[in-house]
Amino acid sequence: MLAALRSLWNEPRPPDPPPWTWRDLVLVGVLVPAAVLEGFLRPDLPWRVVSVAVAVGLVPTLLWRRTRPLLMIVICFAVTGLAPLLMGEPPSEMYTMAYQLILPYALFRWGSGREAATGLAIMIVSASLSAVTGRTAGPDVIGAFTALSATAALGGAFRYRSRARSRELDQVKLLEREQLARDLHDTVAHHVSAMAVRAQAGLATAESRPEAATEALRVIEAEAARALDEMHALVRVLRRDRPDEPADLAPGRRITDIERLAGRSRSGPAVDVEISGDLGGLPPSVEAAVYRLAQESVTNAVRHARHATRVEVRVTADDTSVRLRVSDDGDGGLVRPAASPGYGIIGMIERAHLLRGTCTAGPGPDRGWTVSAVLPRTGAAT
């Protein structure tokens with residue numbers, strides 16, 4: 001029990017809390033005139049000017065509720081607690097002040113464990129003092145506790161849901177990095193094997209044909225240089241070791257393997273593949289990445305494109321980059337909305353990013369869904 005409480009107390013704040021946006025400004029712009037209007041229309045509101053001033057003055061706390069959640073809680077409860085003492089009698093609660101429930105939600109959504117515990121203590125003490133001094137009736141205190149508990153629980157639920165999704169996204173990216181590392185491993189193993197074969201041939205013919213040994217050394221030098229380049233990329237990409245998992249020694253996929261995706265769907269849309277441009281001299285890591293991106297895009301289109309009859313795969317290469325475009329003629333794109341990309345799309349974006357490229361996915365200009373990727377021919381991972 002103590003360990004759990006200590007863990008909650010030491011829990012850090014979620015990273016990168018978003019600052020206020022135009023939506024927050026709209027919310028403030030709606031609440032301020034609403035409080036003023038309520039002050040004019042409610043005949044039972046004592047201390048009308050002070051009540052409206054408090055309601056309007058606390059509205060800006062919503063702008064900093066994510067970046068300074070505890071401070072906003074302190075300001076809000078301090079003002080609402082001191083106002084009745086200064087006026088000498090408890091004012092009627094304004095309906096507009098219900099926006100205060102957003103602050104406990106923000107505290108448990110964006111605050112640290114210490115901030116949440118401190119803010120909860122402040123809210124409990126404030127509500128208890130209000131009940132003890134008679135400013136708030138018993139049923140109203142119970143209702144206040146219920147509302148605060150509900151909003152705080154909702155904030156905590158969204159907090160841990162966001163954390164779980166973040167872990168899942170990290171896992172997807174890690175798996176994509178491991179797959180790319182395997183592809184690079186295959187490339188390095190190919191170069192090393194070629195070096196070994198050339199070295200053996202050079203040793204076997206060194207006495208009878210000295211020039212063959214020289215030629216073998218040149219080939220070994222070239223293969224070693226390419227192997228070092230790919231190994232550097234491997235070191236930059238690989239983030240963890242998996243010694244308990246055997247390496248996948250299957251040959252890496254090439255861009256020409258994309259042609260196998262054509263016409264493979266029997267019950268779904270037809271897949272049309274077109275490859276053009278200079279594909280010579282592409283690093284194996286780039287070829288494997290283009291194939292993986294095309295494969296994932298076609299799979300998504302076949303599974304999720306609604307009423308699609310055709311999927312087009314276009315690969316073009318020039319002197320600097322390789323471009324991939326996969327589009328379908330479905331009705332309204334994928335079932336999954338573009339604002340919430342699935343893990344497959346996230347993996348594609350991560351793979352392209354590792355190779356200093358870009359990948360975007362979203363609804364097409366006319367209809368359907370389009371995936372576009374651009375990878376540099378160098379393929380150096382960052």
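In terms of the UniProt record's numbering, the sequence shown opens at residue 1 and continues consecutively.
Beta carbons: idealized from backbone N, C-alpha and C, even for Gly.
Just so we're clear, the structure is a prediction, and the values are computed from it rather than from any experiment.
Top-ranked residue by Cα proximity to residue i, from the options
i, options, result
"His304", "Arg218, Val30, Ile345", "Ile345"
"residue 384", "Ala270, Ser372, Ile349, Ala289", "Lying outside 1 to 382, the shown extent of the chain, residue 384 is not represented and no answer is given."
"Trp9", "Glu38, Ala164, Thr118, Leu375", "Thr118"
"Ile124", "Ala152, Tyr291, Ala55, Val290", "Ala152"
"Leu282", "Ala317, Gly268, Leu354, His307", "Ala317"
"Asp278", "Ala352, Glu296, Asp319, Ser372", "Asp319"
"residue 385", "Ala106, Glu168, Leu175", "The structure shown does not extend to residue 385, since the chain is modelled only from 1 through 382, so no value can be given for it."
"Ile275", "Val50, Ala301, Tyr291", "Tyr291"
"Met97", "Gly57, Leu82, Ala116, Arg114", "Gly57"
"Arg306", "Leu293, Pro139, Trp369, Gly357", "Trp369"
"Leu293", "Val79, Ala373, Thr80", "Ala373"
"Ser51", "Pro84, Leu324, Asp24, Ala78", "Pro84"
"Pro284", "Arg377, Arg325, Arg165", "Arg377"
Own chain partners of residue i with C-beta closer than 7 angstroms, once the 5 adjacent residues on each side are dropped
i, result
"Val273", "Ile258, Glu259, Leu261, Ala262, Val313"
"Ile349", "Cys359"
"Ala127", "Val141, Ala144, Phe145"
Residue i, enclosing beta strand (DSSP E) - first and last residue
i, result
"Leu324", "321–328"
"Asp272", "270–277"
"Leu375", "369–376"
"Ala361", "358–363"
Same chain, Cβ closer than 8 angstroms to residue i, five either side skipped, listed in chain order
i, result
"Asp244", "Confidence is the limiting factor: at Asp244 the pLDDT is only 39, short of 50, which leaves the residue's position unreliable and the question unanswerable from this model."
"Pro19", "Arg66, Thr67"
"Val59", "Val28, Leu31, Val32, Ala35, Tyr99"
"Leu103", "Thr61, Leu62, Arg65, Pro69, Met72, Ile73, Cys76"
"residue 384", "Any question about residue 384 goes unanswered here, given that the chain covers just 1 to 382."
"Ala157", "none"
Start and end residues, alpha helix (DSSP H) containing residue i
i, result
"Ser285", "284–304"
"Ser57", "Correcting the residue type first, residue 57 is Gly in the shown sequence and not Ser. From DSSP, the alpha helix (DSSP H) with Gly57 extends over 48–57."
"Pro33", "22–41"
"Ala317", "Segment 310–317 is the beta strand (DSSP E) holding Ala317; no alpha helix (DSSP H) there."
"Pro104", "102–110"
Cβ-Cβ separation, residue j to residue i (assumed contact under 8 angstroms), whole Å
i, j, result
"Glu287", "Arg254", "5 angstroms"
"Leu354", "Ser321", "Not really, about 15 angstroms apart at Cβ, beyond 8 angstroms."
"Glu11", "Ser112", "6 angstroms"
"Met94", "Ala55", "5 angstroms"
"Ala289", "Ala352", "7 angstroms"
Within-8 angstroms CB hit, residue i to chain B
i, result
"Leu37", "Here chain B cannot be found, since the structure has a single protein chain."
Beta-carbon contacts of residue i that lie in its chain and below 6 angstroms, excluding the five residues immediately before and after
i, result
"Ala308", "Pro269, Asp328, Asp329, Gly330"
"Arg323", "Thr316, Val374"
"Ser297", "Val326, Val371"
Start-end ranges of the beta strand (DSSP E) lying completely within the stretch 123–169, minimum 3 residues: none
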